[in-house]
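Here is the structure we will look at.
Numbering (the numbering used here), first residue to last: 0 to 387.
Below, the structure is given as structure tokens:
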């Protein structure tokens, strides 16, 4: 049997200096984490039969805000990559969208760059914590009348089994999205279930009122002079309908025509965020797994610090070897991740922006195109109605 060479601790110290010092350069003073409420294990409430028409509210999910505490986020275990953080606010809403569609409880569900006057229910979110081990978001949902449906913090934790064992994808072992689960699926399903619960407590009349208010809110957005008098705010601070135009009202017909055009456009907007999700998912899974490994390594270092006794034991030698291998592979994963991140939003998503430019004469980012489009529809409505 070949004996393993014995290295005294003082000889090892020089070797240890480079990788461990490199690791510590990624660190900042650790901030005590905030404990967010956890959703636990959730089963999505999927509609057994198609809901009634008044229950099929159209939902808009606004691109999230990032409100994560930077000092807490940039600890060694929660290493942040700028490329991900910039896209994550668009990525997470699309995951929620997928769950709401899967539940078969709603009408159209779209991700949007900002609040939209044409939807029945608007969801807004703020990222409070996001890394490989935990996700926490503040969710606010309100219908077109202003009624609050949800205002709560949702948190979820990931475990190692939530991630693929190996994230070194190659041509012979390509990345297959369907083979990878979302670690925080329970969080999105809990939000979906809570929305269904709120809806179940509203009467058919309440839900129809929401849809009627949505129609007039959009009409008012096109022409306040023509439709502003049809809405009022009640003593609860909610919008309610004073009067509805007749079904054969020509102005209402034009509003519905504009709304259809607008929905066709925001379907394109939603497609853009879907393309962004598809182009990002591989690198995002790599980032989360890398973040999870970094957090594990941080915990391991805290539980077994490096000292003289550490190096004099065989278990200490093995632990160090495992740490060094994690560090070495983390560098490889980071390089692979950065190569992928550099390709974010370089194929299908910009093609959609280009198509909007060619078809609609729009330019700029999707958020900028969205604003331009709403201005165009207002102007078009004014021209078609003669400024009435």
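Ideal Cβ positions, reconstructed from N, Cα and C, are used throughout, including at glycine.
{"Item": "Name the one or two DSSP bridge partners that residue 144 has.", "Value": "Its beta-bridge partners do not exist; DSSP assigns none."}
{"Item": "Determine the contact status of residue 121 and residue 61, defining contact as a CB-CB distance below 8 Å.", "Value": "yes"}
{"Item": "Are residue 206 and residue 229 touching if we call contact CB-CB under 8 Å?", "Value": "no"}
{"Item": "Which residue comes first and which comes last in the beta strand (DSSP E) that contains residue 118?", "Value": "Unbroken run through residue 118: none, as it is neither H nor E."}
{"Item": "Which residue's Cα is closest to the Cα of residue 257: 171, 382, 363 and 150?", "Value": "382"}
{"Item": "Using only alpha-carbon positions, find the residue among 281, 184 and 218 that is nearest to residue 163.", "Value": "281"}
{"Item": "When burial is assigned at 16 or more other CB atoms within 10 Å of the CB, is residue 99 buried or exposed?", "Value": "buried"}
{"Item": "Give a yes or no on whether the C-beta atoms belonging to residue 157 and residue 291 are separated by under 8 Å.", "Value": "yes"}
{"Item": "Just confirm the distance between the C-beta atoms of residue 41 and residue 185, as a whole number of angstroms; I'd bet it's less than 8 Å.", "Value": "4 Å"}
{"Item": "By a C-beta neighbour count over all protein chains shown, 10 Å radius and 16 as the cutoff for buried, is residue 3 buried or exposed?", "Value": "Note that residue 3 has pLDDT 45, beneath the 50 cutoff, so the model's placement of it is unreliable and the number below is only indicative. With fewer than 16 Cβ atoms within 10 Å of its Cβ, residue 3 is classed as exposed."}
{"Item": "Is DSSP giving residue 248 helix, strand or coil here?", "Value": "coil"}
{"Item": "Over what stretch of residues does the alpha helix (DSSP H) that includes residue 191 continue unbroken?", "Value": "184–199"}
{"Item": "The beta strand (DSSP E) that contains residue 239, what's its start and end?", "Value": "238–240"}
{"Item": "Does the Cβ-Cβ distance between residue 427 and residue 154 come in under 8 Å?", "Value": "Coverage of the chain is limited to positions 0 through 387, which leaves residue 427 absent and any answer about it impossible."}
{"Item": "Expressed to the nearest angstrom, what Euclidean distance is found between the alpha-carbon atoms of residue 37 and residue 55?", "Value": "29 Å"}
{"Item": "Thinking residue 237 and residue 177 are a contact (beta carbons under 8 Å), I'd like their distance in whole angstroms, please.", "Value": "Wrong, their Cβ atoms sit about 43 Å apart, outside the cutoff."}
{"Item": "So, using beta-carbon positions, are residue 103 and residue 46 closer together than 8 Å?", "Value": "yes"}
{"Item": "When the Cα atoms are used, what is the spatial distance from residue 374 to residue 357?", "Value": "17 Å"}
{"Item": "If you follow the beta strand (DSSP E) that residue 214 is in, where does it begin and where does it stop?", "Value": "Counting along the chain, residue 214 falls outside any beta strand (DSSP E), though it belongs to the alpha helix (DSSP H) covering 203–221."}
{"Item": "If you measure between the beta carbons of residue 109 and residue 59, is that distance less than 8 Å?", "Value": "yes"}
{"Item": "Could you give the residue range of the alpha helix (DSSP H) that holds residue 401?", "Value": "Outside the shown range of the chain (0 to 387) lies residue 401, about which nothing can therefore be said."}
{"Item": "Comparing the CB of residue 176 with every heavy atom of the ligand ATP, is any distance shorter than 7 Å?", "Value": "For the ligand ATP, the structure offers nothing, since it holds no ligand at all."}
{"Item": "Nearest by alpha-carbon distance to residue 201: which of 33, 355 and 53 is it?", "Value": "53"}
{"Item": "Under 8 Å, do residue 287 and residue 131 count as touching if we go by C-beta distance?", "Value": "yes"}
{"Item": "For residue 154, which residues does DSSP report across the bridge?", "Value": "37 and 135"}
{"Item": "Does the beta-carbon of residue 220 have 16 or more other beta-carbons within 10 angstroms, so that it is buried, or is it exposed?", "Value": "buried"}
{"Item": "Determine the contact status of residue 283 and residue 113, defining contact as a CB-CB distance below 8 Å.", "Value": "no"}
{"Item": "What do you reckon, are the CB atoms on residue 152 and residue 127 nearer than 8 Å?", "Value": "yes"}
{"Item": "Under a Cβ-count criterion, where at least 16 other Cβ atoms within 10 Å of its own Cβ denotes burial, should residue 33 be classed as buried or exposed?", "Value": "exposed"}
{"Item": "When you compare only the Cα positions, how much space is there between residue 118 and residue 168?", "Value": "40 Å"}
{"Item": "Relative to the C-alpha of residue 66, which candidate in 49, 93, 115 and 138 has its C-alpha closest?", "Value": "138"}
{"Item": "Give the straight-line distance between the Cα atoms of residue 57 and residue 171, rounded to the nearest whole angstrom.", "Value": "43 Å"}
{"Item": "What residues are listed by DSSP as bridge partners for residue 129?", "Value": "134"}
{"Item": "Would the beta-carbon of residue 218 fall within 8 Å of that of residue 254?", "Value": "yes"}
{"Item": "Rank 193, 97 and 204 by C-alpha distance to the C-alpha of residue 150 and give the top, closest one.", "Value": "193"}
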